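So the sequences go chain by chain: A and B. For the first sequence, this note's numbering begins at 522 and goes up steadily by one. For the second sequence, this note's numbering begins at 522 and goes up steadily by one. Using N, Cα and C, we set each Cβ at its ideal position, and we do this for glycine too. None of the values given here were measured: they were computed from a predicted structure. First the structure, in the form of structure tokens, and then the observations on it.
2 protein chains.
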Amino acid sequence: MATPIDPARSLLLTDLYELTMLDAYRREGMEAVASFELFVRKLPPCRNFLVAAGLEQLVEFLENARFTEEELAWLESTGRFSRETLEYLRAFRFTGDLDALPEGTVFFADEPVVRVTAPLPQAQLVESRLINIVHFQVLIASKAARMTLAAPGKLLLDFGLRRAHGAEAGLMAARASFIAGFAGTATVPAEPLFGIPIYGTMAHSFIQAFANEREAFLAFARSRPKALILLIDTYDTEAAARLVVDLAPELAARGTPVAGVRIDSGDLAEHARRVRAILDEGGLRQVKIFASGGIDEELLARHLAEGVPIDGYGIGTSLTTSTDWPALDCAYKLVAYAGEPRRKRSEGKATWPGAKQIFRRYEDGRMVGDRLGLAEERHEGTPLLVPVMRGGVRVGPLPGLAEARERCARELAALPERLRRLAPAEPYPVEPTPALLALAETCDRLQRERAR
Amino acid sequence: MATPIDPARSLLLTDLYELTMLDAYRREGMEAVASFELFVRKLPPCRNFLVAAGLEQLVEFLENARFTEEELAWLESTGRFSRETLEYLRAFRFTGDLDALPEGTVFFADEPVVRVTAPLPQAQLVESRLINIVHFQVLIASKAARMTLAAPGKLLLDFGLRRAHGAEAGLMAARASFIAGFAGTATVPAEPLFGIPIYGTMAHSFIQAFANEREAFLAFARSRPKALILLIDTYDTEAAARLVVDLAPELAARGTPVAGVRIDSGDLAEHARRVRAILDEGGLRQVKIFASGGIDEELLARHLAEGVPIDGYGIGTSLTTSTDWPALDCAYKLVAYAGEPRRKRSEGKATWPGAKQIFRRYEDGRMVGDRLGLAEERHEGTPLLVPVMRGGVRVGPLPGLAEARERCARELAALPERLRRLAPAEPYPVEPTPALLALAETCDRLQRERAR
Chain A
522 MATPIDPARS LLLTDLYELT MLDAYRREGM EAVASFELFV RKLPPCRNFL VAAGLEQLVE
582 FLENARFTEE ELAWLESTGR FSRETLEYLR AFRFTGDLDA LPEGTVFFAD EPVVRVTAPL
642 PQAQLVESRL INIVHFQVLI ASKAARMTLA APGKLLLDFG LRRAHGAEAG LMAARASFIA
702 GFAGTATVPA EPLFGIPIYG TMAHSFIQAF ANEREAFLAF ARSRPKALIL LIDTYDTEAA
762 ARLVVDLAPE LAARGTPVAG VRIDSGDLAE HARRVRAILD EGGLRQVKIF ASGGIDEELL
822 ARHLAEGVPI DGYGIGTSLT TSTDWPALDC AYKLVAYAGE PRRKRSEGKA TWPGAKQIFR
882 RYEDGRMVGD RLGLAEERHE GTPLLVPVMR GGVRVGPLPG LAEARERCAR ELAALPERLR
942 RLAPAEPYPV EPTPALLALA ETCDRLQRER AR
Chain B
522 MATPIDPARS LLLTDLYELT MLDAYRREGM EAVASFELFV RKLPPCRNFL VAAGLEQLVE
582 FLENARFTEE ELAWLESTGR FSRETLEYLR AFRFTGDLDA LPEGTVFFAD EPVVRVTAPL
642 PQAQLVESRL INIVHFQVLI ASKAARMTLA APGKLLLDFG LRRAHGAEAG LMAARASFIA
702 GFAGTATVPA EPLFGIPIYG TMAHSFIQAF ANEREAFLAF ARSRPKALIL LIDTYDTEAA
762 ARLVVDLAPE LAARGTPVAG VRIDSGDLAE HARRVRAILD EGGLRQVKIF ASGGIDEELL
822 ARHLAEGVPI DGYGIGTSLT TSTDWPALDC AYKLVAYAGE PRRKRSEGKA TWPGAKQIFR
882 RYEDGRMVGD RLGLAEERHE GTPLLVPVMR GGVRVGPLPG LAEARERCAR ELAALPERLR
942 RLAPAEPYPV EPTPALLALA ETCDRLQRER AR
């Protein structure tokens, strides 16, 4: 079948049960307003905090959430849905409210990242893709923030498109890591789509295609890249560094001075020290050393501690797949329906009921603790969730990517010192308010009564 | 900027250096034919074999590889490329050859999965997205195959869209796991796009939205799902199982007999045993038990060994993010240029030169060893790489998904017994042929001579 379904834009990119449940809700007349919240149940042991990201893509998804005629024709052809449900799907628009943490905000377990308030069938239908969009960017921004903290003053670049999980992951990893403090990416569409600076050097295959490194370096310089970064590990790293010293005057004379060299294999620290010495002795103190290949935040921290002379890092797989922890234990749960709070009690998966707000307190510019309360409460501290959409429409322009990046930098600076380190730290305090505790109890009592 | 770039289809979804190098190749007149091969350098410790997948999407990418006018306008606006290079990009089509392992084929370290033979700038430009497409489906098919082997006779379903890394990953994980023996997925577009059976039950939020489980179960039955599977762990799993027994006659009388129950939390094995007992005592021996939540191949194997009465599994995160090993150490390397073999010598990353073929030998229907030789050699055993495209055009229709799935089942059955187990096993023997060894030596000698 050649249905023109674009998974990245299609409302059909969902789990079958979302459609089945929507059908049942409609049949039962259950279209009262529901609130769902997306949160992470438990931080991984290797994450002391998480970073909100992906809100812009979520808003675009909700604004454009509709079925195409081809998709409706396919849904009809399956015989799974009544004519009335198909008509409902044809007219489907998201008309609800969205409250969310601004991108770049630091958050913790149990804290809502996003709240959808909409007629139950709507809030249900958008679940799978909503999680899919937000979870991934949170995952990557949170991983990237660890790298940013581990390598202050270093240029960090996303080189991870090739091993990211598909097209969208490749592109959105560039976006999420930029929010968390990366300087840019190698992924080209990040520049026209998001204004993210793009960087590139040269590949081993380029060097290999020429008779030798000398010819390859000279040819690459003739293509006049914005900054001439030469890859020096294809055959013998130190020999290539000496070749760079040898060629430097000629390249400078031609108007393409050597800006840097890149090392992509072997013991990066050891090679960097030897290459630095060769370059310095050759009068190339201003030439930077870039490293790539198998880099993660632990290595960055080790290099920093040892004073390894690497100026910038291209980071791929460990960033774009969040290798050490490639998925977060997140959930999008019903917290209220038709004005009544709801709560799931499954073992190890119980949730806080009601529409909630996070109140964050600071002392001397550092975060000291959050209160998790009800949305209508007022407490000391900054309320973190802000209105984003009302009645299916944005309440105003979203903060731009630069603003999200600045926010993240401020948030990382305000983290308690122990949470800024890579090692697992005592968790940040998030306390439920008395009103939230009371609501949870009421919820359990109601549930027990109704079960009878 | 509002450039309509669709990352999943755009040739711009690449690393900047691919464009920079293309520019340099063109400037240097280096447009002779190059061969690049994609292979995995080293299997992860937790993988005894890998499964080829993603070829159909790769062929579609190569067939449609071109720049849109908007993309060209943006490229021009950056000032990075000459008019001549922009004209080349405007006319860009992939006119090369593609040889590949058919989807579903088992392979090992150092064995080429895909070979591209094309003018150097073409073969280089497609690198990043080619790896991005093939790596992910290989990753997931290889993970899913472990699950298939660990749970013979069980119904395995992909439930992982929400935590997959983006839209494409969600959809392609459904495809790759189907090749490896999964029965289907919850991800809706997998049916219209690939003909993969889709499955769904109900969510906790559905139950929570009703006053109690009884009302929720009855309402869900009224929506007449193809098979009535009731979710029983929202509040108290065993109490809900008794409720199912209680409601069963009424539901059967209404024409929607209970087909199964689903458990999604707690100790799945323990709950399944108790629920099986409750159902059996209630006369519901035919009702199946499905489980989901935190399942991986180790748990499947444990359940099988213990005879846990679970009939089917919905597997999410561990499958679609390949949690234990979310990226493979793969590379797309130049192996020949202008008729001469090429080889990279970087530390720990040396590659085999020349266009290669894999010759697989069988004894009594089981694989006993592969020879890695040159494409033009003839050896005992089945040559695994087959022609897929010639001159940019398919040589014939690709095998369908059903055929790939059958091939994978045959391959898994033919694996040496030790490799079919989850535990790390002695590696499968892959021997370079004398001709390949000789070529590698020649290559090194040539390189040494040229470096002088």
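- Taking the CA atoms as reference points, ALA769(B) sits about 55 angstroms from GLY890(B).
- Fully enclosed beta strand (DSSP E) runs of no fewer than 3 residues occupy 618-621 of the stretch 574-638 of chain B, in order along the chain.
- Sequence-ordered contacts of the stretch 801-813 of chain A with chain B are nonexistent [C-beta pairs closer than 8 angstroms].
- Beta-bridge analysis with DSSP links GLY781(B) to ILE750(B), LYS809(B).
- Among the residues facing chain A, HIS725(B) is included, as its CB has a counterpart in that chain under 8 angstroms away.
- At a C-beta separation below 7 angstroms, TRP595(A) has these neighbours in chain B: PRO713.
- Going by DSSP, LEU764(B) is part of the alpha helix (DSSP H) stretching over 758-774.
- For VAL914(B), the number of other beta carbons within 10 angstroms of its own is below 16, and it is reported as exposed.
- Within chain B, not a single residue places a beta-carbon under 9 angstroms from that of ASP767(A); the smallest gap is close to 13 angstroms.
- The Cβ neighbour count for SER598(B), taken over all protein chains shown within 10 Å, is under 16; the residue is labelled exposed.
- A residue is called buried when at least 16 other Cβ atoms come within 10 angstroms of its Cβ; ASN585(B) does not meet this threshold and is exposed.
- By alpha-carbon distance to ILE661(A), the top candidate from PRO713(A), PHE880(A), ARG568(A), PRO633(A) is ARG568(A).
- Interface annotation for the stretch 840-862 of chain A against chain B: THR842, THR844, PRO847, ALA848, LYS854, LEU855, TYR858, criterion Cβ-Cβ distance under 7 angstroms.
- For the C-beta of VAL779(A), not a single chain B residue is nearer than 7 angstroms; the gap to the nearest is close to 16 angstroms.
- Assignment of ARG866(B) by DSSP, reduced to helix, strand and coil, places it in the coil class.
- Where CYS929(B) is concerned, the enclosing alpha helix (DSSP H) starts and stops at 922-935.
- Its Cα nearest to that of GLY835(B), the residue ILE750(B) stands out among LEU772(B), ALA859(B), GLU868(B), ILE750(B).
- Looking at the DSSP output, SER663(B) bridges to nothing.
- Identification of chain A residues near GLY691(B) by a Cβ-Cβ cut-off of 7 angstroms yields LEU534, ASN653, ordered along the chain.
- Each residue's CA atom was taken as its position, placing ARG667(B) and ARG696(B) some 16 angstroms apart.
- Taking the CA atoms as reference points, ARG775(A) sits about 53 angstroms from LEU682(B).
- Classified as buried, THR708(A) has 16 or more neighbouring CB atoms from the shown chains inside 10 Å of its CB.
- The residue among GLU897(A), TRP873(A), CYS851(A) with its C-alpha nearest the C-alpha of ILE652(A) is CYS851(A).
- Only residues of its own chain outside the window of five on either side were considered, and among them PRO623, GLU624, GLY625, THR626, PRO920 have a CB closer than 8 angstroms to the CB of ARG928(A), listed in chain order.
- In terms of Cβ geometry, ASP785(B) and SER867(A) form a close pair [threshold 8 angstroms].
- Contact with chain B is found for GLY869(A), since one of that chain's Cβ atoms lies less than 8 angstroms from the residue's Cβ.
- Assigned with DSSP and collapsed to three states, VAL916(A) falls in coil, not helix or strand.
- At least one beta carbon of chain A lies nearer than 8 angstroms to the beta carbon of GLN729(B).
- As the crow flies, the alpha-carbon of ARG899(B) is around 20 angstroms from that of GLU558(B).
- Here ARG899(A) carries a coil assignment [DSSP, helix/strand/coil].
- Taking CB atoms only, THR616(A) has no neighbour in chain B less than 8 angstroms away.
- Per DSSP, the unbroken beta strand (DSSP E) holding CYS851(A) starts and ends at 851-858.
- For ILE728(A), the enclosing alpha helix (DSSP H) begins and ends at 725-730.
- Considered as a whole, the stretch 784-849 of chain B harbours 809-813, 833-836 as its complete beta strand (DSSP E) runs of no fewer than 3 residues, in chain order.
- Residues of the stretch 625-639 of chain B whose Cβ lies closer than 9 angstroms to any Cβ of chain A: none.
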